[in-house]
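Mapping to our numbering: the sequence shown position 46 is 51, numbers consecutive. Notes follow the structure.
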Amino acid sequence: MDNDSSIENNEYLHGMMDKKLICTYNNEINPENMQLKLSLQPIEAKLEHIFAIPVPGLTREVVEENPYLRANIYRLHNAYEEAGFDEHYFDLLIDFAKNGPEKRTIIAEAAIKCNEFYQLKDASGTVIDGMEDDEPEEVVHIVRYEVVTDEASEGSDLGEREIGQWKIIDIDDLLEGNVFH
């Protein structure tokens with residue numbers, strides 16, 4: 006596999022999948038001693054859950070740049086559990102808003118039914134994972150997506166938000182949801 010088509014340099018892939026998920030797949034399959042055959046044909050998709058992270062300015066990028074915020078998320082949750090929406094809760098909320106209050110994170114989970122063929126062979130040609138024959142099977146994958154929305158630019162309708170690009174952040178709970186907090 007040449008460098009231009011490798012997973013690390015694939016801009017299309019990085020545009021649609023979170024880097025932790027890409028890294029997991031990249032670490033599992035060594036193209037020098039394994040051969041992967043994968044074919045997916047989506048049949049049906051059903052939205053299972055969709056929700057907004059209720060903290061303004063809290064995005065994956067902000068948490069990666071400011072790791073101390075992970076602990077603050079738990080402090081915010083505990084403050085609410087102890088006293089509801091009191092002064093301490095709002096002080097913690099303001100700390101998050103300093104990182105870009107105009108941004109909001111939306112997370113969605115979908116069940117996607119596919120006709121799938123998956124086969125992983127070692128260097129000798131022995132199937133070490135997946136299907137033995139060449140017939141695809143019907144499978145359902147639970148896929149978690151994430152998008153960041155932003156306040157609309159000037160000249161847009163009042164209340165309108167700009168929606169970023171949806172990214173796949175987890176498949177079949179491989180990364181236990183890949184939550185950023």
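We treat Cβ as the ideally placed atom computed from N, Cα and C, and that holds for glycine.
Residue i, DSSP secondary structure in three states
{"i": "F185", "result": "coil"}
{"i": "G20", "result": "helix"}
{"i": "T64", "result": "coil"}
{"i": "F122", "result": "strand"}
{"i": "I27", "result": "helix"}
{"i": "D5", "result": "In the structure as shown, the chain starts at 6 and stops at 186, and residue 5 therefore has no counterpart that could be examined."}
{"i": "F90", "result": "coil"}
{"i": "A128", "result": "coil"}
{"i": "E33", "result": "helix"}
{"i": "S10", "result": "The pLDDT assigned to S10 is 47, lower than 50, so where the model puts this residue is not dependable, and the model offers no usable value."}
{"i": "A50", "result": "strand"}
{"i": "E142", "result": "strand"}
{"i": "A76", "result": "helix"}
{"i": "L45", "result": "strand"}
Candidates the options: closest to residue i by CA position
{"i": "K126", "options": "I34, M22, G20, H54", "result": "I34"}
{"i": "E167", "options": "N15, I147, D178, V153", "result": "V153"}
{"i": "G20", "options": "F185, D178, I174", "result": "I174"}
{"i": "F101", "options": "A84, V132, A50, V67", "result": "V67"}
{"i": "E140", "options": "F122, Q170, E86, Y85", "result": "F122"}
{"i": "E142", "options": "V60, F90, Q124", "result": "Q124"}
{"i": "H54", "options": "E114, N77, G135, E165", "result": "E114"}
{"i": "R149", "options": "D134, I176, N77, N15", "result": "I176"}
{"i": "L43", "options": "C119, V184, D23, A157", "result": "C119"}
Euclidean distance between Cα positions of residue i and residue j
{"i": "E137", "j": "E37", "result": "21 Å"}
{"i": "L26", "j": "L180", "result": "7 Å"}
{"i": "R75", "j": "A128", "result": "42 Å"}
{"i": "Y79", "j": "Q46", "result": "40 Å"}
{"i": "S10", "j": "M39", "result": "Its pLDDT being 47, under 50, S10 is placed unreliably in this model, and the value from its coordinates should be taken loosely. Rounded to whole angstroms, S10 to M39 spans 16 Å at the Cα level."}
{"i": "R65", "j": "A57", "result": "13 Å"}
{"i": "E86", "j": "P59", "result": "15 Å"}
{"i": "V4", "j": "C28", "result": "Since the first and last residues shown for the chain are 6 and 186, residue 4 lies out of range."}
{"i": "A84", "j": "F90", "result": "8 Å"}
{"i": "A50", "j": "R109", "result": "25 Å"}
{"i": "L18", "j": "E159", "result": "31 Å"}
{"i": "D134", "j": "E107", "result": "45 Å"}
{"i": "N32", "j": "N15", "result": "15 Å"}
{"i": "L63", "j": "G130", "result": "47 Å"}
Whole-angstrom C-beta distance between residue j and residue i, which should lie under 8 Å
{"i": "I117", "j": "H146", "result": "5 Å"}
{"i": "N77", "j": "L52", "result": "The Cβ separation is near 30 Å, so there is no contact."}
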